[in-house]
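Note sheet for the following structure.
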Amino acid sequence: MKSMAQTKALVTGNEAAAIGVKLSDVRFISAYPITPQTTIVEKLAEMVANEELDARYVEVESEHSAMTAVFSSELTGVRSYTATSSHGLLYMHEMLHWTAGMRLPIVVSVVNRAIGPPWNIWADQTDSMNQKDTGWLQVYCESNQEVLDTIIMGYRIAEDRSVKLPLMSMEDAFILSHTSEPVTVPDISQVRDFLPEFDLDFTVDFKNPMGYGSYSTPDGPFMELKKDMADSMNKARAVIEKTYRDFSESFGRDYAGLTDNYMMEDAEFALVATGTLASTAKHVVNLLRNEGKKVGLVRVKFFRPFPSEEIVSSLKGLKGAGVIDRSLAFSDGGSLYSEVSASLYRKADVPLTGFVAGLGGRDVRVEEFRKMYEMVEEGSEGIRWINTKGGE
Amino acid sequence: MVLVPVTQKGSRENRTDSWRIQTPRIDYSTCIRCMICWKFCPDNAITVSESNALEAPSERIGKLEAPEIDLEHCKGCGICAYECPEDSIEMSLEGGLSQ
């Protein structure tokens, strides 16, 4: 372990993201500011202006253009980055498909913010959950440290020869983005050893013009290209695990795998959550354990690729589990609930409750987590809304 | 290695003639070579003919470059026929490559 060269800093989640970008030797940044993402790109613009970061920073008129700009720069073989939130991410939607389809391993920070109406700038994961079908890898971070480290690991995972898919790293609005925490900042030379130089073998070459994403008939390669993306999404599982192991060896911080299990060894009941909801859930698991309740937590870190096997092996044999979504899909609760249910189908018969909680930044407090646990313990099933005025 | 949607094949190699229901035909005996059809074709399916053996309304016009329909790419939208100031382009249901 070479963790001696690392330094401590007190930074917000957004500063942590900017530091991660700087350490990852990103050479091109294009963005459009939106609350609560703004302080990431403000910090990066400052780093570029102060020549702390040798990159080109291009401000554009929209998020659609920001994604198009990083798409283009990445295609010339330049490691690129952008960040956004909420409506900005929705505005990128078309280009998210194109970036993944073109196999460009860009890393993007998404500060999860609610989608209107009504206007709301607080934490809600509906924005990124809406992008789950775009071919991007998705990581939901829990701490500012994880935000920083995920940028560095994210480039390595995304750029792997067997993956070549872009990666989206999420932070909950304000809870991480604007709250300071002590963060260990790796030394840049250590990061250089860990993260190889960006190398794309299909860059634009003016001496050898090629068609990029041009026309395919139904008989053409269209369907095979999509299947290859799906295969790569699956291959990413092993790459993620290997990257985590190597990261732990180099930097001394262990991020387990696609999920992060807490107190699950002898658990009879479990809560399943993402992002900062999982932090509060851990605290509540501790409280309940002190009261003799056999409860644990499965934190879903990667939503894409979806950790189906991990979910099944964690929940199999339990008396009940509660899946907490800070997003709404209008299908049956939120997307996490739908995908956990689908994973369990014919593999494990576990009574499952889907909780919709914390939309638009509504607080999800210890007492709400207790209530969710109690419902799970009592054998509830189906969808329950948490802490809505006028009943569940 | 992954599959990437990158190709050396140019777009012109992708034929779209099977999309066509109606086929345009230029009557060179009335065509004044204004090239308005060439300008309006949304698929670049009207090319410039180098042939000087085409019929023409006059000897002078016969020496000018003439529009020619690229039947491997024409999708039969009929914009050329609609725009032609001399009504020299007729759309027919003949279809396919056999004009």
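Chains E and V, in that order, give the protein sequences.
Reminder that position 392 of the first sequence reads as 553 in the numbering used here, one-by-one numbering, no gaps.
Reminder that position 83 of the second sequence reads as 172 in the numbering used here, one-by-one numbering, no gaps.
For each residue, glycine too, the CB sits at the ideal point set by N, CA and C.
On a predicted model such as this, the values are computed, not experimentally measured, just so you know.
So with CB distances below 9 Å, who are the chain V contacts of E:Arg322?
Met90, Val91
Run through DSSP, which three-state label would E:Val456 get?
strand
Does E:Ser164 pass the burial test, meaning 16 or more other C-beta atoms within 10 Å, or should it be called exposed?
With a pLDDT of 49 at E:Ser164, under the threshold of 50, the modelled position of that residue is not reliable, and the figure given next carries that caveat. Its Cβ having fewer than 16 others within 10 Å, E:Ser164 is exposed.
Relative to chain V, which residues along the segment 367-394 of chain E have a C-beta separation below 9 Å, given in chain order?
Asn369, Pro370, Met371, Gly372, Tyr373, Gly374, Ser375, Tyr376, Ser377, Thr378, Gly381, Pro382, Phe383, Glu385, Leu386, Lys388, Asp389, Met390, Asp392, Ser393
For E:Gln286, count the other beta carbons within 10 Å of its own beta carbon; 16 or more makes it buried, fewer makes it exposed. Which is it?
buried
Whole angstroms are fine: how far does the CA of V:Leu92 sit from the CA of E:Ser469?
25 Å
Pull up the distance between the alpha-carbon of E:Ser504 and that of E:Phe367, whole angstroms please.
46 Å
From V:Gln111 to E:Phe516, what does the alpha carbon distance come to, in whole angstroms?
57 Å
Are the segment 314-326 of chain E and the segment 420-437 of chain E touching, with three or more C-beta to C-beta distances below 8 Å?
no
Tell me, please, whether the segment 264-274 of chain E touches the segment 472-483 of chain E by the rule of three or more beta-carbon pairs shorter than 8 Å.
no
Given that a residue counts as buried once 16 or more other Cβ atoms are within 10 Å of its Cβ, and exposed if not, what is E:Glu539?
exposed
Check the Cβ-Cβ distances between V:Val95 and every residue of chain E, and say whether any is below 9 Å.
yes
Residues of the segment 93-127 of chain V in Cβ contact with chain E at a cutoff of 8 Å, in chain order, please.
Val93, Pro94, Val95, Thr96, Gln97, Lys98, Gly99, Ser100, Asn103
In whole angstroms, what separates the C-alpha of V:Pro94 from that of E:Ser233?
15 Å
Under 8 Å, with one C-beta from each stretch per pair, do the segment 287-304 of chain E and the segment 356-365 of chain E reach the 3-pair mark?
no
Write down the C-beta distance between E:Pro327 and E:Thr260 rounded to the nearest angstrom, noting that I regard them as a contact closer than 8 Å.
5 Å
Min CB distance E:Lys325 to chain V below 9 Å
yes
For the beta strand (DSSP E) containing E:Phe363, name the first residue and the last one.
That residue, E:Phe363, is in no beta strand (DSSP E); it is neither H nor E in DSSP.
Sequence-distant residues of the same chain with beta carbon closer than 7 Å to E:Leu184, five excluded per side:
Ile313, Pro347, Ile349, Val352
Rounded Cβ spacing between E:Phe463 and E:Gln198 (contact assumed at less than 8 Å):
The Cβ separation is near 21 Å, so there is no contact.
Any chain V beta carbon closer than 9 Å to E:Gly181:
no
With the cut-off set at 9 Å, would you say E:Gly296 and E:His258 are in Cβ contact?
yes
Would you kindly report the start and end of the unbroken beta strand (DSSP E) that includes E:Arg545?
543-546
So, at 7 Å on beta carbons, what are the nonlocal neighbours of V:Cys173 in its own chain, with the 5 sequence-adjacent residues on each side left out?
Ile125, Cys126
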